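To start, the structure itself, in structure tokens.
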Amino acid sequence: MEYPVIYLTADAMISSLGFSTGECREEMLRYQSGLHPICDSQFYSELFYGAKIDNDRLRLLVGEHNLHDFSRLEQLLILSIRQTLVQSGIDVHQSDCGLILASTKGNVSRLSAENETGDELFLSHSAERVASYFGFTTRPIVICNACISGVSAMIVAKRLIENGRFKHIVVAGGDELSNFIVTGFHAFKSVSADRCKPYDADRDGLSLGEACGSILLTTEKRWVTGKEPIVLLGGAITNDANHISGPSRTGEELHLAIEQALAQAGISGNDGLFVNAHGTATIYNDEMESKALHLSRLSEKPVQSLKPYFGHTLGAAGVIETIICKQQLENDILFGVLGFQTIGVPYPLHIDASHRPVELTYCLKTASGFGGCNAAIVIGKRGFSSRLSDQFSPLATKNGSLPSPERATIVSRCTINASGVELNGERQLVNELTDDFPTFIRKAYHSLNLNYRKFYKMDDLSKLGFITTSFLTRSIERFSELPPESKGIVMANCSSSLDTDIHYRRNLDAVGDREASPALFVYTLPNVMLGEICIYWKMKGENTFFIQRECDKEFLLKYAEIAMKEQNLGYCIVGWCDLLGDNFLSDFYLMER
Amino acid sequence: MDQLKKELKEALIQALNLEDITAEEIVDEDPLFGDGLGLDSIDALEIILILERNYGIRLTKPEESKEIFYSINTLADFIGKNRKK
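Sequences listed follow chains A and B, in order. Position one of the first sequence corresponds to residue 84 (the working numbering), numbered consecutively onward. Position one of the second sequence corresponds to residue 917 (the working numbering), numbered consecutively onward.
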């Protein structure tokens, strides 16, 4: 099977440093940071360092384009995508043109005691509004995968293009600074007292930011805008299977994602490569990354984090950072890590505070996030890759390493809803009409004779996913003992983590923002449920969480099959897991190949 | 002191969702983290909140808490010496 070349073409980002990619790049060249002290009770009761988008300028643009009916995040997305489309000139009405949106929290700033159920609280709603504004005729795809969302979206786009679903995809990522997010990261005591200092001995945490970015991926060279075509060469996702918020102690899982992405790209660490890592500047994230890069033998390569410029922009991070990587490749310049002084990670990394001109060919971009997920992609200069086609052609290597395209089969199916638990068409447990969800799910837990104290700490969505997986995997002897990297998970729902978001919001309103609960906040991401499943059943392969208005089973099964082939998985759990208030539904399939 | 320990255990069970255990089952000298009660870094952050809310003690650095949070005994001892309410 021949894979098409995927070009990264037009792009646009809006951040604390400006309203276009060019503006942001120029500010970076002048060593400007978008991070400043913020003293605004709208976000937090105490001063913190954050990166905000200029609201006055935003207001002007909203007026100019008549976007008053959209939420602020939707406005930002539209303004960014608009630039990308104008730059490229592509027609999005075609049936082979798609939109992928990556966001961790969408319009969560609109969540309040008075508004717990509004349409705008659902990510699909925002995505559909943005898509219909531009006239996309295909349904937008939404990724909600914690801090790897942006990189995840690039990988989803790559796979869908390679497998013939689309020829062109606009990948957009966006997240706002909000009281919800700012209090949550403070509850985790992971916010730096000053501007964040990735990999530095003095680092003491992350700085939050907001941004929006979009980039057009296409198989057609005519949409290439830059002088040097940049292509997407590889990508992979793994899970630590260790802890829902703390990074891996060994870095082995990020290392695995890096290895897979590099192998797909058909390059080794010896080629002209630089690394754009996640680099949040928390003690443990940066430690873990240094271990992973050491394992991947990339310690000698230039490594950078862009967080000191933009802050951690969550779902947008993977997209805007990829855009800046593309800029660096196109211009043969390597941006310094602003403010870096002394290396402070267990394995030394090659980090520079200053920008410098370097001939660049490839970039490895990584991200890691809550739920234990890791993602890595490789982008590079098309010209350079084709010159190497005899030995290093990405396509040749890719074809060589791909397993035979045999189809995966469904070995079991488990459904849990208001009537109870059903496994492969047989009723396992009947739900008493008088039982509420917490009572019912505990009965299900006891019926399985499990002894796992962490079950009680999970939020309701995770409990539902956990119990469904327990039933689903019963037929596979010692499922948890099978090789961790051979097991993956692809999941979707409609409400994301809204049920827990509401609990967290209520808690925040009741106790004040200095006493926000970290144990609640950690579950305000739907993919943390995947993390819980991966920890218990020791699964380290593919991890992707989609948000869909209704369950698109056909898409999910197909996507899981693609992921299984690409990451050489033996098993993949795929399905739907949604819970909001009294309504819940899970429908899981176990696929085998 | 015994009253404080009992109060602490109940607060932990409630705040950390330790549904399958009673206050009587938590042994004063046993480790709370790792092998003992199996608490983790998120639980440690919740315990910091309990200290602030119930006893007026503000711990800013989670890493300082390792020895203090070792067991119910060490925790009660620390609270006894530092409580402001």
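We put the beta carbon where it would ideally sit given N, CA and C, even for glycine. Remember, predicted model here, so these are calculated numbers, not experimental data.
Exercise. Scan the segment 528-549 of chain A for residues whose Cβ lies nearer than 9 Å to a Cβ of chain B and list them as they occur along the chain.
Key: Per Cβ criterion, the list reads 534, 536, 537, 538, 539, 540 and 541.
Quiz item: Whose Cβ in chain B lies nearer than 9 Å to the Cβ of residue 605 of chain A?
Solution: Here the neighbours are 958.
Quiz item: According to DSSP, is residue 483 of chain A helix, strand or coil?
Solution: With a pLDDT of 36 at residue 483 of chain A, under the threshold of 50, the predicted position of this residue should be treated as unreliable, though the coordinate-derived value follows. Three-state DSSP puts residue 483 of chain A in a helix.
Self-check item: Continuous alpha helix (DSSP H) stretch holding residue 391 of chain A: start and end
Solution: Taken as a continuous stretch (DSSP letters only), the alpha helix (DSSP H) holding residue 391 of chain A covers 390-393.
Exercise. Determine whether the Cβ of residue 482 of chain A lies closer than 7 Å to any Cβ atom of chain B.
Key: Note that residue 482 of chain A has pLDDT 38, beneath the 50 cutoff, so the model's placement of it is unreliable and no number is given.
Quiz item: Relative to chain B, which residues along the segment 273-286 of chain A have a C-beta separation below 7 Å, given in chain order?
Solution: Hits within the stretch: zero.
Exercise. Report all residues from its chain with a CB closer than 7 Å to the CB of residue 481 of chain A; omit the five preceding and five following residues, and keep chain order.
Key: Confidence at residue 481 of chain A is low in this model, with a pLDDT of 39, below 50, so its placement is unreliable and the value that follows should be read with caution. Here the set comprises 86, 347 and 349.
Practice problem: Give every residue of the same chain whose Cβ lies closer than 7 Å to the Cβ of residue 384 of chain A, excluding the five residues on either side of it in the sequence, and list them in chain order. | Solution: Within the same chain, residue 384 of chain A has close Cβ partners 352, 356, 357, 358 and 433.
Quiz prompt | Residue from A:223, A:292 and A:459 whose Cα sits closest to the Cα of residue 318 of chain A | solution = For the residues A:223, A:292 and A:459, the minimum Cα distance to residue 318 of chain A belongs to A:459.
Quiz item: So is residue 609 of chain A in contact with chain B if we call contact Cβ pairs under 7 Å?
Solution: For residue 609 of chain A, not one C-beta of chain B is nearer than 7 Å to its own C-beta.
Exercise. Output, in chain order, the set of chain B residues within a Cβ distance shorter than 9 Å of residue 326 of chain A.
Key: Identification of chain B residues near residue 326 of chain A by a Cβ-Cβ cut-off of 9 Å yields 956, 957 and 958, ordered along the chain.
Exercise. Measure the alpha-carbon distance for residue 278 of chain A versus residue 642 of chain A and round it to whole angstroms.
Key: Near 40 Å, if we compare the C-alpha coordinates of residue 642 of chain A and residue 278 of chain A.
Quiz item: Looking at C-beta atoms only, is the number of pairs between the segment 553-560 of chain A and the segment 583-593 of chain A that lie closer than 8 Å three or more?
Solution: No, because fewer than three Cβ pairs between the segment 553-560 of chain A and the segment 583-593 of chain A fall closer than 8 Å, the two stretches do not touch.
Quiz item: Is the shortest distance between the beta-carbon of residue 924 of chain B and the beta-carbons of chain A less than 7 Å?
Solution: Cβ-Cβ to chain A under 7 Å: no for residue 924 of chain B.
Quiz item: Mind checking if residue 199 of chain A is an interface residue toward chain B, Cβ cutoff 7 Å exclusive?
Solution: Chain B contact via Cβ: absent.
Practice problem: Compile a chain-ordered list of the residues in the segment 260-273 of chain A whose CB is closer than 9 Å to at least one CB of chain B. | Solution: Taking 9 Å as the Cβ-Cβ cut-off against chain B, the residues of the segment 260-273 of chain A that qualify are 270, 271 and 272.
Quiz prompt | Helix, strand or coil at residue 947 of chain B according to DSSP, with G and I counted as helix | solution = DSSP places residue 947 of chain B in coil when its eight states are reduced to three.
Exercise. For residue 360 of chain A, count neighbouring Cβ atoms within 10 angstroms of its own Cβ and tell me buried if that reaches 16, exposed if not.
Key: With 16 or more other Cβ atoms within 10 Å, it is buried.
Quiz prompt | Segment contact flag, the segment 219-235 of chain A with the segment 149-169 of chain A, C-beta cutoff 8 Å, min 3 pairs | solution = Cβ pair count under 8 Å is below three, so no.
Practice problem: Give the range of the alpha helix (DSSP H) segment to which residue 520 of chain A is assigned. | Solution: Counting along the chain, the alpha helix (DSSP H) containing residue 520 of chain A begins and ends at 520-530.
Exercise. Indicate whether residue 444 of chain A and residue 354 of chain A have their beta-carbon atoms separated by less than 7 Å.
Key: Yes, they are a contact pair.
Quiz prompt | Where residue 367 of chain A sits in the DSSP three-state scheme | solution = In the three-state reduction of the DSSP assignment, residue 367 of chain A falls in the helix class.
Exercise. Starting from residue 107 of chain A, trace the beta strand (DSSP E) both ways and give me its first and last residue.
Key: Note, residue 107 of chain A: premise wrong, no beta strand (DSSP E); alpha helix (DSSP H) at 104-112.
Quiz item: What residues in its chain sit with their C-beta under 7 Å from that of residue 483 of chain A, if we drop five residues either side in the sequence?
Solution: Reliability of the predicted coordinates at residue 483 of chain A is poor, the pLDDT of 36 falling under 50, and the value obtained from them is presented with this limitation in mind. Same-chain partners within the cutoff: there are none.
Quiz item: Using a beta-carbon distance below 7 Å, is residue 593 of chain A in contact with chain B?
Solution: For residue 593 of chain A, the closest Cβ of chain B is not nearer than 7 Å.
Quiz item: Given that a residue counts as buried once 16 or more other Cβ atoms are within 10 Å of its Cβ, and exposed if not, what is residue 521 of chain A?
Solution: Exposed is the label assigned to residue 521 of chain A, since fewer than 16 other Cβ atoms lie within 10 Å of its Cβ.
Quiz item: Can you tell me where the alpha helix (DSSP H) with residue 620 of chain A in it begins and where it stops?
Solution: Where residue 620 of chain A is concerned, the enclosing alpha helix (DSSP H) stretches over 611-620.
Self-check item: Pick from A:265, A:410 and A:316 that is closest to residue 396 of chain A, judged by C-alpha positions
Solution: For the residues A:265, A:410 and A:316, the minimum Cα distance to residue 396 of chain A belongs to A:265.
Self-check item: Backbone CA spacing between residue 374 of chain A and residue 149 of chain A [nearest angstrom]
Solution: CA-to-CA, the gap between residue 374 of chain A and residue 149 of chain A works out to about 49 Å.
Quiz item: Would the beta-carbon of residue 145 of chain A fall within 7 Å of that of residue 158 of chain A?
Solution: It is a contact, given that the beta carbons lie within the stated cut-off.
Quiz item: Exposed or buried, what is residue 493 of chain A when buried is set at 16 or more other beta-carbons lying within 10 Å of its beta-carbon?
Solution: Classification of residue 493 of chain A: exposed, given that the 10 Å Cβ count is below 16.
Quiz item: Counting only beta-carbon atoms, is residue 933 of chain B nearer than 7 Å to chain A?
Solution: Contacts with chain A at 7 Å (Cβ-Cβ) include residue 933 of chain B.
Exercise. Tell me whether residue 642 of chain A sits in a helix, a strand or coil according to DSSP, three-state version.
Key: Three-state result, residue 642 of chain A: helix.
Quiz item: In three-state terms, what does DSSP make of residue 293 of chain A?
Solution: Look at residue 293 of chain A here: in three-state DSSP terms it is coil, with no helix or strand label.
Quiz item: Using a Cβ-Cβ cut-off of 6 Å (strictly less than) and excluding sequence neighbours within five positions of residue 182 of chain A, which residues of its own chain qualify?
Solution: Cβ-Cβ distances below 6 Å link residue 182 of chain A to 214, 219, 223 and 253 in the same chain, with the five nearest sequence neighbours on each side left out; the list follows chain order.
Quiz item: Relative to the C-alpha of residue 597 of chain A, which residue among B:964, B:984 and B:988 is closest?
Solution: The candidate whose alpha carbon is nearest that of residue 597 of chain A is B:964.
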